[in-house]
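*Asks:*
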Amino acid sequence: MRIPAAVDAREDEWRELFAFATSGEPRATLGLVSGRVRMGKSTLLRTLAETTGGFYHRVTAVDYDGFLADLTEAVRAHTGAGHPAFTDLGQAVEALVALGAEREIPVVLDDLAQVNAPHDWLLTSIVKAVDGPGGRSSRARLLLGGSAVSADGRPLLRDRSLREHAALDLRLTGHDHRRMAKWWGIEDPAIAFSVYAVLGGTPVHRDWVDELPSGPGDMGPFTRRTVLRKGHPLFDAARRSLRHETGPFDLGFYRSISFNVAFGATRLDLLAKCVNRRPVDLRKHLSILTASGLLDRDRDLLSPGAVHYRIADQLFNFFMGMMRVDMGRIQRGYILEYLWRYRAVRYSDFIVNPQFAQVCRTWAKNYAPEGFFGGGRVWVGHGTVDEPGIDVPRRAPVVVLGEPVDGRPELRALGACRWDGPMDVADLAELRRTAALVRDAGTHHVGAPAFHCFGGSGFTPALRTAADRGEVTLVDTAALYSERT
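Take the position in the sequence shown, starting the count at 1, then add 92; the result is the number in our numbering.
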């Protein structure tokens, strides 16, 4: 199958989408295509309709009556025949499903979540049309695309009841570090990571950048001529994403939540204190932020039952960590070179080092050589463990667990990560201390876990000597990007 040039950034997703549209099922089926803004959802869906002669309509009128009027005209244009005006959503969706009465055809409603209609009514109308008598006599592949959150601020395309009826649930996320390096055509791992840590895995960002940094030391000038420059498409992209994904309600509160998560308030109890709310008052907002893909909700692999929130989009994280506090200065034309120097510690602590740790986890999960963490199934993530006499839990950036031993998950490996400084035997000592605390906690089976140091700026001779003795495994940036690992 030839991949259309328009979707070359989403080859795997295109294959999955095309397979759904040409599945040969004898009845109507439902597909969901969700993801953050600028992920390429509309391009995929529009290209599919053009390639197969299907129906495509993108919602532009958010008011209910305007939506029905526009959809009526779109159906008339597609069929080339007159069609009675739609008077309600149920009638409209049934008519769309009926487009597949004669042949298998993709029928796309893009950005449906923007319609100002009751959430439950949307869900009921869609499910009824696909599962009802009309759906049983149709071969329509009804595809709903767009944001995961509806106009009334509730999850739509990520709604469990809708997903249970879907034959396809395709969620577009940002590319990982390796895929983005290929997409950008960057061969130097240090430059590839430096760009990824700021701009992330959104393919369209490549079209907005004229000149790449010459090296990690050029990131200051690079950001000043791109994301920090007023008028550049990247300058306001993160704020537009938040408005688009969460809607107009409580926008300031969503900013406050995201800002505090970016600065380390990753647990619900701590986050609630930072925004001066009860934990229960945050659940809806956190649910929407995670459903939209702006936040990730990670299980703590060392503290059973605990979870951590993390900003999922690198550009959004850069905005919250480096731009939001200083936005007034930036807009007034403050000398950005001085601002960059003044915020160097913040850039290190809240941008590149956390993003480097996430890249290391991605490598451990998806790219580590077979058997690198032992045999059998493994789980990769991060975690925290309490240390007696210290209020702040000890963090482990990379945690690898194996199958349970004696009813407890086995601690296979711990990893430390640092981008902007050489790793030393002190980092190895910290890993050993963390393993001892996990052993003392009694929540995990701790035999002889492996220790790994992931270094973006090299390793000291003493640590290399420890590696030669088999005490630790060293993983550098080249290995994180190499196809041979």
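All C-beta atoms, glycine included, are put in the ideal place defined by N, C-alpha and C.
Quick check on this structure: which residue in Asp512, Ala259, Pro461 has the alpha carbon closest to the alpha carbon of Glu108?
*Replies:* The shortest C-alpha separation from Glu108 is found at Ala259.
*Asks:* According to DSSP, what are the bridge partners of Ile494?
*Replies:* A quick correction: the sequence has Gly, not Ile, at residue 494. Its beta-bridge partners are Val470, Glu502.
*Asks:* In angstroms with no decimal places, state the Cα-to-Cα distance between Thr179 and Asp202.
*Replies:* Taking the straight line from one Cα to the other gives about 20 Å.
*Asks:* For the beta strand (DSSP E) that Leu122 lies in, which residues bound it at each end?
*Replies:* Start and end: 121–127.
*Asks:* Once the 5 residues before and after Trp75 are set aside, which same chain residues still bring their CB inside 7 Å of it?
*Replies:* This structure gives no information on residue 75, because the portion of the chain shown stretches from 93 to 577.
*Asks:* Are Thr526 and Ala554 close, meaning C-beta to C-beta below 9 Å?
*Replies:* No; because the gap between Cβ atoms is not below 9 Å, this pair is not in contact.
*Asks:* Are the beta-carbon atoms of Gly513 and Leu503 separated by less than 9 Å?
*Replies:* Not a contact, by the Cβ cut-off of 9 Å.
*Asks:* Starting from Phe345, trace the alpha helix (DSSP H) both ways and give me its first and last residue.
*Replies:* First-last of the alpha helix (DSSP H) with Phe345: 343–354.
*Asks:* Among Asp519, Trp511, Ala559, which residue has its Cα nearest to the Cα of Gly550?
*Replies:* Of Asp519, Trp511, Ala559, the residue nearest in Cα terms is Trp511.
*Asks:* Can you have a look at Leu343 and say buried or exposed, based on whether 16 or more other CB atoms are within 10 angstroms of its CB?
*Replies:* Result: exposed.
*Asks:* Note down the Cα distance separating Asn458 from Leu393, rounded to an integer number of angstroms.
*Replies:* Straight-line Cα distance between these residues: approximately 18 Å.
*Asks:* Quick one: grab the DSSP three-state call for Ile95.
*Replies:* Here Ile95 sits in coil by DSSP.
*Asks:* Quick check: the stretch 286–297 against the stretch 367–379, are there 3 or more CB pairs under 8 Å?
*Replies:* Touching, no.
*Asks:* Have a look at the DSSP bridge pairing and note the partners of Phe546.
*Replies:* According to DSSP, Phe546 bridges with Cys509, Val567.
*Asks:* What number of angstroms, rounded off, separates the C-alpha of Asp568 from the C-alpha of Leu214?
*Replies:* Spanning the two alpha carbons is a distance of roughly 50 Å.
*Asks:* Where does the unbroken beta strand (DSSP E) through Ala232 begin, and where does it stop?
*Replies:* Ala232 -> beta strand (DSSP E) spans 232–238.
*Asks:* Tell me the rounded alpha-carbon separation between Tyr346 and Asn352.
*Replies:* When rounded, the distance between both Cα atoms is 10 Å.
*Asks:* Hey, quick one: how far does the beta strand (DSSP E) through His400 stretch, first residue to last?
*Replies:* Start and end: 399–403.
*Asks:* Just mark Thr171 as buried or exposed, buried being the case when its beta carbon has 16 or more other beta carbons within 10 Å.
*Replies:* Result: exposed.
*Asks:* Helix, strand or coil: which one does DSSP assign to Ala521?
*Replies:* Helix.
*Asks:* Under the assumption that Ala120 contacts Gly192 (Cβ atoms under 8 Å), give the Cβ distance between them as a whole number of angstroms.
*Replies:* Confirmed, about 6 Å.
*Asks:* What does the alpha-carbon distance come out to for the pair Leu163 and Glu105?
*Replies:* Using only the alpha carbons, I get a separation of about 27 Å.
*Asks:* I'd like to know whether the C-beta atoms of Ser134 and Gly238 end up nearer to each other than 9 Å.
*Replies:* Yes, the pair counts as a contact, with Cβ atoms nearer than the cut-off.
*Asks:* To the nearest angstrom, report how far apart Pro225 and Asp261 are at their CA atoms.
*Replies:* C-alpha separation (whole angstroms): 23 Å.
*Asks:* Could you spell out where the beta strand (DSSP E) holding Leu291 opens and where it closes?
*Replies:* Premise fails: Leu291 lies in the alpha helix (DSSP H), 281–291, not in any beta strand (DSSP E).
*Asks:* In the DSSP assignment, find the unbroken alpha helix (DSSP H) run with Phe167 in it and report its ends.
*Replies:* Reading off the sequence shown, one finds Val at residue 167, where the question assumed Phe. Taken as a continuous stretch (DSSP letters only), the alpha helix (DSSP H) holding Val167 covers 156–171.
*Asks:* Give me whichever residues DSSP pairs with Asp203 in a beta bridge.
*Replies:* Answer by DSSP bridge pairing: none, since Asp203 is not bridged.
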